[in-house]
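Let me begin by presenting the structure, written as structure tokens, before commenting on it.
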Amino acid sequence: ADGIHIRLEANIEAPDDAGRAIERGAVGIGLFRSEFLLAAWGQAALTEERQYTSYRRLIESAAGARVTVRTFDLSEPQLRIEQAAIEGARAPLGLRGIRLSLAREEIFQAQLRALLRAAAHGPLRIMFPFVSGVEEVRAARRAVAKAAETLHSRGIGVPAVPIGVMIEVPSAALTADLLAEEADFFSIGTNDLIQYCLAVDRTDDRVSRLYEPLHPAILRTIRLVARAGKRRRIPVAVCGEMAADPVLLTLLVGLGLTEFSMAATAIAVAKQVLRGVRADDARRVAGHALRARTPADVKEALTNFLAVH
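Read left to right, the sequence shown gives residues -11 to 297 (my numbering).
Written as structure tokens, this is what we have:
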């Protein structure tokens, strides 16, 4: 996009995927889903040493590119049971994500110690999922400080590691201005954000048609978060499926987003789309979309834009 620096990163699930993602054009790893270590290693993945080995391999595979690791986004049953399919249903409104990490301190501390140790091998950021408010970010930061103290007591140095928040719960989006004072970066998880904002389970065929990324509420929410990050000068990325949709990329740029994380296979097309986008045009189509009253109106604005560009 003219005059705008756009950063495209990759979402991955295995440490060795990092190198392949960089080869496909990613400038970094925007989301490493750490819970998939459980799919590979079972309960052994919860140990500090196994995680440290995995995170070090991840960082080394990225060969100097920035890596963002999301702490375990699991429900409690997934911690208790060895299973190959972590992608299965998480407790949508229950004890999951940062809530579960804070409730299971021994597991959280092991993960944080492993991450902080691995950070000595390359640029690493830590991101917390399913955050709903400031208290959780502060508690998570205290947990990071405790893990660092433990490592210092072992004689292990700990580099400074940026701490970020997944914005995927409406309360987090609505208080993004407050969270921006506590976090070093945001990543908007549009998949869950859409579900929770619209009260729609996209796996339920009876209502899945209501799962609508172009709903005016979703666009306004994304703009709200983007503006909150800009005011505090912290990076804001989009890492859900919206980021990988070439039709929606122009709209997201117009809403103020400049960082996107997606499947590595989507990066080449995203680059091609963004090279043809003018910043003024993106802002113009976003303005039309924000004034729309229905998803159909938003689609019409996008269709009209694409017809002449």
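Note that CB positions come from ideal geometry on N, CA and C, so glycine has one too.
- Around leucine 239, the same chain offers Val273, Ala274, Ala277, Leu290 as residues with beta carbons nearer than 7 angstroms, after the five sequence neighbours per side are excluded.
- It is roughly 20 angstroms from the alpha-carbon of glutamate 200 to the alpha-carbon of alanine 225.
- Annotated as proximal: threonine 138 and arginine 101, with beta-carbon spacing under 8 angstroms.
- At a Cβ-Cβ threshold of 8 angstroms, isoleucine 176 and cysteine 227 count as neighbours.
- Counting only runs of at least 3 residues, the stretch 235 to 281 fully encloses the following beta strand (DSSP E) elements, listed from N- to C-terminal order: 247 to 251.
- For the pair valine 119 and threonine 59, the Cα-to-Cα distance works out to about 11 angstroms.
- The beta-carbon distance between alanine 258 and leucine 237, rounded to whole angstroms, is 6 angstroms. This is short enough to meet the 8 angstroms contact definition.
- In the three-state scheme derived from DSSP, where H, G and I count as helix and E and B as strand, valine 195 is classed as coil.
- Looking from the CA of glutamate 1, the closest CA among Gly16, Ser22, Ala14 belongs to Ser22.
- By the neighbour-count criterion, in which 16 or more other beta carbons inside 10 Å mark a residue as buried, leucine 104 falls on the buried side.
- Counting the other Cβ atoms within 10 Å of the Cβ of histidine 203 gives 16 or more, which makes it buried.
- Going by DSSP, arginine 87 is part of the alpha helix (DSSP H) stretching over 86 to 91.
- In this chain, arginine 219 is not harboured by any beta strand (DSSP E); it is covered by the alpha helix (DSSP H) spanning 204 to 220.
- Take the alpha-carbon of histidine -7 and the one of threonine 35: they are about 39 angstroms apart.
- Per DSSP, arginine 58 is not a residue of any alpha helix (DSSP H); the beta strand (DSSP E) it occupies stretches across 54 to 58.
- Counting along the chain, arginine 45 sits inside the alpha helix (DSSP H) bounded by residues 36 to 50.
- In this chain, arginine -5 is not harboured by any alpha helix (DSSP H); it is covered by the beta strand (DSSP E) spanning -5 to 0.
- Between leucine 181 and threonine 209 the beta-carbon gap is near 7 angstroms, inside 8 angstroms, which marks them as a contact.
- The three-state reading of DSSP puts arginine 190 in coil, since its state is none of H, G, I, E or B.
- Cβ atoms of glutamine 183 and arginine 194 stay farther apart than 8 angstroms, at about 14 angstroms.
- Here arginine 113 is buried. Its C-beta has 16 or more other C-beta atoms within 10 Å.
- Around the beta carbon of valine 265, a 10 Å sphere encloses 16 or more other beta carbons of the protein chains shown; the residue is thus reported as buried.
- In this structure, His109 is the residue among Ala284, Ala168, His109, Leu166 with its C-alpha nearest to the C-alpha of alanine 148.
- Checking the DSSP bridge columns, you'll see glycine 152 partnered with Met115, Phe173.
- Distances from the alpha-carbon of isoleucine 222 to those of Leu90, Leu167, Val125, Arg129 put Leu167 closest.
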